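Just so you know, the sequences run in chain order A and B. According to our numbering, the first sequence is numbered sequentially starting from 905. According to our numbering, the second sequence is numbered sequentially starting from 693. Where is the CB? At the ideal position from N, CA and C, for every residue including glycine. In this text, all values refer to a predicted model and were calculated from it rather than measured experimentally.
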Amino acid sequence: MSKPKVATTSLAGCFGCHMSLLDIDERILQLIELIDFDKSPIDDIKEFTGRCLVGLVEGGCANEENVRVLQDFRKHCDILISVGDCATMGGLPAMRNTIPLRECLEEAYLNGPSVYNPSGKIPNDEEIPLLLNKVYPCHEVVKIDYHLPGCPPSADTIWQALTALLGDKPVGMPYELIKYD
Amino acid sequence: MADNFTFIIDGTEIPARQGQTILKAADEAGIYIPRLCNKDGLEPYGACRVCTVLVNGRPQSACTQPAQPGIIVENDTEELTEMRKQLIEMLFVEGNHFCMFCEKSGNCELQALGYRLGIAAPRFPFMFPQRELDATHPEVFVDRNRCILCGRCVRASRDQDGKNVFQFTGRGIKKRISVNATSRLADTELKSADKAVAACPVGSILKKGVGYAVPIGERIYDHKPIGSDIESKAK
Ligand code: SF4
Ligand code: SF4
Ligand code: FES
Chain A
905 MSKPKVATTS LAGCFGCHMS LLDIDERILQ LIELIDFDKS PIDDIKEFTG
955 RCLVGLVEGG CANEENVRVL QDFRKHCDIL ISVGDCATMG GLPAMRNTIP
1005 LRECLEEAYL NGPSVYNPSG KIPNDEEIPL LLNKVYPCHE VVKIDYHLPG
1055 CPPSADTIWQ ALTALLGDKP VGMPYELIKY D
Chain B
693 MADNFTFIID GTEIPARQGQ TILKAADEAG IYIPRLCNKD GLEPYGACRV
743 CTVLVNGRPQ SACTQPAQPG IIVENDTEEL TEMRKQLIEM LFVEGNHFCM
793 FCEKSGNCEL QALGYRLGIA APRFPFMFPQ RELDATHPEV FVDRNRCILC
843 GRCVRASRDQ DGKNVFQFTG RGIKKRISVN ATSRLADTEL KSADKAVAAC
893 PVGSILKKGV GYAVPIGERI YDHKPIGSDI ESKAK
């Protein structure tokens, strides 16, 4: 029987949660016995090759591309997990949510103290995904089955959740594995 | 009425004295009733409703409700835990809580209740409100993004510090913690050693120049859930 597949992605995140996943150390060898990675920056597979058991989503939705990728994950994964504070509550990128988008762009490209931008223009190429008005946690965009908070969630938290799901057991988290920081 | 009597919490008979609240009697018996706006030494206020229990079947806030002989109190039930979770989740979405860089993280009572109740993510839409930060005072700042309107600073400043530095302004969703000066914290008599500063359960009133003083792993709620100190008194 072929191994179940796991896909991962980083939306509006910093890749810290992926680092935390790699932080399971030598247990990665055990993990590779249990699963195959599908679409993921870990193996650099860019598009889904088939149905996945688990999708791990780092980061919230800050732009239209994030939304598209997230919807694609929902379509291809039986179980979708929000990994980290950015996915579960917007995280640091959501600090812009109390500031109007235009003001954010003007600060970044026109008015910021270290800005050098002789064109005086805010980038607006069609290659660049359009920003959303706010940064949204994943569960405000698609249905999310489990949440692993933390910035990042510890390797043990991710390991505990993955092995429970792969073993068809409930994802019960001991006290010390739920952290918001 | 007898001065000493007993009543029942979740099937256990516990002793109480005339004039004690349900919460106080429970504390002494080693039974933890979750709470946020209540603090030992401050007058009960009944604002957060996290301590809601059923008294003879009716919801009451345990921090304000006097214990009575023979009452039947329900505390640790699935229904009440679910209600408490929802209250805590609402407090999270109603403010801007970025625990990852908050100096209070690990020592914060709101966060600790989230942990104890097993909240992985709030189920309500995040509001990301506009809230003001007041950093005018040389020793203390107020970050209203994290204020949960518990009123502990108001009571501590008024009753313990005798200063009346804090008060509420506005109503409903517009309610804010304000200072009793022309509007700036710097214009008040607040000192960093005041009880009002220590009374804040979250990272809304913090001392400057402290930062992340306690390393991760050694903070109050890193290993033990909030309430375990009370529960360890149980016989
Ligand atoms: S006040 Fe508490 S809940 Fe809010 S950000 Fe700080 S640690 Fe988190
Ligand atoms: S500033 Fe702190 S103590 Fe005062 S009402 Fe807000 S949360 Fe409570
Ligand atoms: S602790 Fe009783 S209402 Fe807040």
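For glutamate 881(B), the CB contacts under 8 Å within the same chain, skipping 5 residues up- and downstream, are Lys855 and Val857 in chain order. For asparagine 799(B), the nearest beta carbon of chain A is not closer than 9 Å to its own beta carbon.
No Cβ-Cβ contact shorter than 9 Å links leucine 825(B) with leucine 783(B).
For threonine 704(B), the enclosing beta strand (DSSP E) has its first and last residue at 704–709. Taken atom to atom, the span from the alpha-carbon of isoleucine 723(B) to that of leucine 1034(A) is near 53 Å. Within the region 780–845 of chain B, the runs of alpha helix (DSSP H) that reach at least 4 residues and sit entirely inside it are, in chain order, 801–808. For the C-beta of glutamate 1080(A), the chain B residues within less than 7 Å are, from N- to C-terminus, His915. Inclusion of leucine 715(B) in the 8 Å shell around ligand 3 follows from its C-beta lying nearer than that to a non-hydrogen atom of the ligand.
With a 10 Å radius around the Cβ and a threshold of 16 neighbouring Cβ atoms, glutamate 923(B) comes out exposed. Taking 8 Å as the cut-off, the C-beta of histidine 1051(A) does not count as close to any heavy atom of ligand 1. When only Cα atoms are considered, arginine 709(B) and alanine 888(B) end up about 29 Å apart.
Contacts with chain A at 9 Å (Cβ-Cβ) do not include arginine 709(B). At a cut-off of 9 Å between beta-carbon atoms, alanine 998(A) makes contact with chain B. For glycine 806(B), the nearest CB of chain A lies under 9 Å from its own CB, placing it at the interface with that chain. Put simply, the backbone Cα of threonine 1002(A) is about 10 Å away from that of valine 1039(A). Not one heavy atom of ligand 2 lies closer than 8 Å to the C-beta of leucine 882(B). Taken in chain order, the complete alpha helix (DSSP H) segments of 4 residues or longer contained in the region 1020–1075 of chain A are 1059–1070.
Pairwise C-beta distances place the region 926–941 of chain A out of contact with the region 977–991 of chain A, as fewer than three of them are shorter than 8 Å. Separation of isoleucine 706(B) and lysine 777(B) (C-alpha to C-alpha, rounded to the nearest whole angstrom) is 26 Å. A direct Cα-to-Cα measurement between glycine 994(A) and histidine 1043(A) gives close to 10 Å. Under DSSP, leucine 984(A) shares a beta bridge with Gly959(A).
Close to methionine 792(B), with beta-carbon spacing below 8 Å, are these residues of chain A in chain order: Asp989, Gly995, Leu996, Cys1055, Tyr1084 and Asp1085. Sorting Met923(A), Ser906(A) and Cys990(A) by C-alpha distance to the C-alpha of tryptophan 1063(A) places Met923(A) at the top. Residue pairing by DSSP places glutamine 859(B) opposite Ser870(B) in a beta bridge. Residues of chain B with a Cβ closer than 8 Å to the Cβ of glutamate 1044(A) are, in chain order, Pro817 and Phe818.
Of the other Cβ atoms in all chains shown, 16 or more fall within 10 Å of the Cβ of glutamate 801(B); this residue is therefore buried.
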